[in-house]
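See structure below.
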Amino acid sequence: MNELEKQIQVVAEVRQRAQNLKTVFGGEMTTETKVNKLMKLVDRQLDEALLAVEEARVAKATALKVSSVLPEELLAHTWWRFEKKGDGWYMETSILSDAEANEFIRALKLCGVTGIKSSYRGYANKWAYSGTFQVGNETIEIMVDGGSQPPTCRVEKIVEMKEVTTYKAICEETGEVL
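Quick note, the sequence shown lines up with residues 1 to 178 if you use the working numbering.
So this is what it looks like as structure tokens:
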């Protein structure tokens with residue numbers, strides 16, 4: 001029995017005791033009023049606990065749904081945060097080595113994560129990558145923490161004219177046009 005289930009059981013027991021008190025002291029108005037207030041409090045706590053259980057159930061179901069579509073390369077990494085965020089979900093990995101981060105970003109692109117962007121996280125002297133993808137009707141935002149080196153870029157020619165040649169830099173790991 002996990003912690004949340006224990007809390008729900010305790011709340012249910014308190015609620016039953018309050019109901020028993022109400023039955024025993026039914027004739028006394030002050031005691032009945034106190035018991036009613038106690039029962040309202042217990043009901044509110046029970047509702048909150050049930051809501052937390054439902055949110056945890058939905059999060060677990062979504063996590064299973066997400067994990068069912070992610071390739072094993074992604075699932076091999078330790079997710080240290082997976083939570084509801086607005087209308088979607090937010091996933092974040094533990095800090096990865098440079099090689100792991102590069103492999104992981106390539107795997108993200110292969111499984112359809114779009115809009116991958118890189119950013120420097122000065123406090124950790126690391127680079128982070130983020131993007132989003134869809135699983136059914138759920139939007140998942142993913143954040144990959146790792147890599148002490150900035151993403152490498154390749155330069156591609158866009159347009160060549162008589163006088164001007166234009167180039168663009170493309171991040172090797174994320175495909176982001178810089």
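Virtual Cβ for every residue (Gly too), placed ideally from N, Cα, C.
For the putative contact between residue i and residue j, defined by C-beta atoms under 8 Å, what is the C-beta separation to the nearest angstrom?
i, j, result
"residue 117", "residue 175", "Not a contact, Cβ separation roughly 10 Å."
If I measure Cβ to Cβ from residue i and keep anything under 8 Å in the same chain, skipping five residues before and after, which residues do I get?
i, result
"residue 4", "49, 52, 53 and 56"
"residue 18", "35, 38, 39 and 42"
"residue 11", "42, 45, 46 and 49"
Kindly indicate which three-state DSSP category residue i falls into: helix, strand or coil?
i, result
"residue 176", "coil"
Just to confirm my understanding: we take residue i, look at its own chain, exclude 5 residues before and 5 after, and list those with CB closer than 6 Å. What are they?
i, result
"residue 40", "none"
"residue 180", "Absent from the structure is residue 180, since the part of the chain shown begins at 1 and ends at 178."
Can you give the Cα-Cα distance for residue i and residue j, rounded to whole angstroms?
i, j, result
"residue 120", "residue 129", "9 Å"
"residue 44", "residue 15", "11 Å"
"residue 142", "residue 33", "51 Å"
"residue 139", "residue 13", "39 Å"
"residue 103", "residue 9", "46 Å"
"residue 169", "residue 132", "22 Å"
"residue 2", "residue 61", "17 Å"
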